[in-house]
Amino acid sequence: MEFVLHVLEHSLFDTLELVPFLLLTYLAMEAIEHSAGTRVQAAIERSGKAGPVVGSLLGALPQCGFSAMAATLYAGRVVTAGTLVAVILSTSDEMVPVFLAHQEPMGRLLAIMGLKVAVGVVVGLAVDVALRAWHRAGDGHLHIHELCEREHCHCDDEGEGHDHGHGHGHGHARWAIVRSALVHTVQVTFFIFVVTFAFGLLIEYVGQDALGALLANHPVRATFVSALVGLIPNCGASVAITELYLDGVLAAGPMIAGLLASGGVGLLVLWRTNASAGQNAIITVFVYVVAVIAGLALAVLGISF
């Protein structure tokens, strides 16, 4: 019972940390949707080509809120698929705090973060270039309205107040934006908490020792399994991978594979907010494959940190 309460506490804390990111994201998306200005759309489209670069740098910051933001923005087609992938691959999650807690050399930490950012930038840009070449980059329009309709947040109700004066209409529209953002945030937050708690129980039940035994002495298998563990949308996954690496159980290749796949709750939010299960599956598998390839490449090249 004690470990259940422990997991419950951590799941609640980790989920609440995401609320400000989610709320700000939905407020921005609702504001864009309600402004519906062509200049706003044009600005977003222009910045989209640099999205993977910016996304990778933001993802490197020691938190997983940006991956949740990126997934939500992708669901509304505010950012590209390449930007989303770049953020997930570069997201540090709990790696940085664990390194700092162990008082590891800063150069070692920065080298790993730099590699994750580089992979994120290169892969993210390549994804966007490939999708544009194959004419699969979407229709070039925002889809925030469809996202809102799927969540049944009734964000079009502000139209009822437009006939009651200019000031009152603007006030009603602003409240509609806030209300819709709050509804989205609560819905996604609850989903994240439930799934995070479930995976937290799983990780706690399996235990780090058992995971270490599974990954030890089999570099290739360790790379595939570590990347799979990294996909688990729970901070315990990246903590376990980092701890096992620092304890000498994991080599650099499997560690990188696990941390590249460990994009916080980004993929979880993607599955909750994006309507296309096919797209979600492709992005999830793609992130896993990139993580495995990068880990195996490090092993073949004999690179260590």
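Quick note: the sequence shown uses this note's numbering, first residue 671, plus one each step.
Cβ coordinates follow ideal geometry from the N, Cα and C atoms, glycine included.
Quick one: grab the DSSP three-state call for residue i.
i	result
Gly972	coil
Glu774	coil
Val748	coil
Ala846	helix
Glu828	Because Glu828 sits at a pLDDT of 46, beneath the cut-off of 50, its placement in the model cannot be relied upon, and the point is left open.
Met699	helix
Glu764	coil
Met783	helix
Ala886	coil
His805	coil
May I ask which residues mark the beginning and end of the alpha helix (DSSP H) holding residue i?
i	result
Met739	735 to 745
Gly877	Note, Gly877: premise wrong, no alpha helix (DSSP H); not H, not E.
Ser726	721 to 729
Within 10 Å of its beta-carbon, does residue i have 16 or more other beta-carbons around it, so buried, or fewer, so exposed?
i	result
Gly928	buried
Arg747	buried
Pro690	exposed
Tyr958	buried
Asp826	Its pLDDT being 49, under 50, Asp826 is placed unreliably by the model, and the measurement read from it follows with that caveat. Looking at its Cβ environment, which holds fewer than 16 other Cβ atoms inside 10 Å, Asp826 is exposed.
Asp879	exposed
His854	buried
Tyr915	buried
Ile952	exposed
Just list the alpha helix (DSSP H) runs in the region 899 to 953, keeping only unbroken ones of 4 residues or longer that don't cross its boundaries, in chain order.
905 to 916, 922 to 931, 936 to 943
Three or more beta-carbon pairs under 8 Å between the region 937 to 947 and the region 858 to 870, yes or no?
Yes, the region 937 to 947 touches the region 858 to 870.
Segment contact flag, the region 681 to 697 with the region 884 to 894, C-beta cutoff 8 Å, min 3 pairs:
no
Inter-stretch contact (C-beta, 8 Å, three-pair minimum) for the region 763 to 771 and the region 794 to 805:
no
Three-pair Cβ contact test at 8 Å for the region 867 to 877 versus the region 674 to 684:
Yes, the region 867 to 877 is in contact with the region 674 to 684.
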